[in-house]
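Read in order, the letters of the sequence shown are residues 7 to 257 in our numbering.
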Amino acid sequence: HERIGWLASEKGRMRFGDRYFEAGYTEQVVTGNNADVGHSAHALTFEQPFSVVPFFFGTLATFQGWDATQLRVSEISESGASIFCEEERCSDDEQTHLAEKVGWLAIDESPFGDQPTMIQAEPIIGVAMQTSVGESGMLTGLMADWVTVELRGIYRRPVFFAGIPSANGGDHVVVRLQAKRTDCPGSNCFRVRLQEPGCLDQVHGAAENLAWMAFESGTFRTDEDALFMTGLHPVGGGAVEASSFSPVAYY
């Protein structure tokens, strides 16, 4: 089994102290970026532009297409992002993916310019009061080798999230995360890398960029009194059918 980090948030633009974020989901319109069949990246627009390019995260929220696919982002700006589904090509060469819904989260940098930037929020369930409950940052030049991310904060039960990888390279990749807390020099940390399908060379010669976020497990309250939940959930492989999905219960 693997463990998957999850988060649940109200839709819309909200704030954790000095950090603005926006959560939303698309309609069932996100397909592959395949001009041969009239498909292109889906452009989404934020409710309000951010002052700088935000850290951007997303995941498929439906299961319309049966072929294994990963989200890629072709463009991110202060006002929106362009995303598409990229299928693996080990099983077949076609890249026509049925339209999916995508849930997404964009969070800005600290106005003080710290890297990584810390997140303050009011905890409700799962964690004692502490100065910071999370932090976020950006990785550039990521390839197939493991990269260690050291955290500024100290967390009891952190959940790690990786953003949607850029689309600099043409080969399909997924982002792999690995908690690695015992040998970090004076801090929590985790590791991240890109992994290609088994039929490829596992090198991924193009450097990619993606956002990351660490967040304490629990339930938190935004400045607008909305709930924001994070946690870890074990999942396993198996036949692709409704019974193989594992339900997540909110706190």
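Ideal Cβ placement from N, Cα and C applies to all residues, glycine included. Small disclaimer: the values here were computed from a predicted structure and weren't measured.
With fewer than 16 other CB atoms across the displayed protein chains lying within 10 angstroms of its CB, cysteine 205 is exposed. The beta-carbon separation of glutamate 92 and glycine 38, rounded to 7 angstroms, stays under the 8 angstroms limit for a contact. Sequence-distant partners of valine 180 (beyond 5 residues in either direction) whose C-beta falls short of 6 angstroms from its own C-beta, in its chain, are Gln76 and Gln201. The residues Gln126, in chain order, have a CB closer than 6 angstroms to that of glycine 23 in the same chain once the five nearest residues on each side in sequence are set aside.
Taking a cut-off of 8 angstroms for Cβ pairs, the segment 66 to 85 and the segment 167 to 178 touch, as three or more such pairs fall below it.
Close CB contacts of histidine 103 within its chain, under the 6 angstroms cut and outside five residues either way in sequence, are with Thr37, Gly38, Gly71, Thr75, Cys91 and Glu93 (chain order). Serine 223 carries a coil assignment under DSSP once its states are collapsed to helix, strand and coil. Cβ-Cβ separation between isoleucine 82 and glycine 64: approximately 11 angstroms, too far for a contact (criterion under 8 angstroms).
At a Cβ-Cβ threshold of 8 angstroms, alanine 49 and glycine 109 do not count as neighbours. In terms of Cβ geometry, leucine 66 and threonine 236 do not form a close pair [threshold 8 angstroms]. If you draw a 10 Å sphere on the C-beta of threonine 51, you find fewer than 16 other C-beta atoms in it, and that means exposed. By the CB criterion at 8 angstroms, aspartate 114 and arginine 25 fall inside the cutoff.
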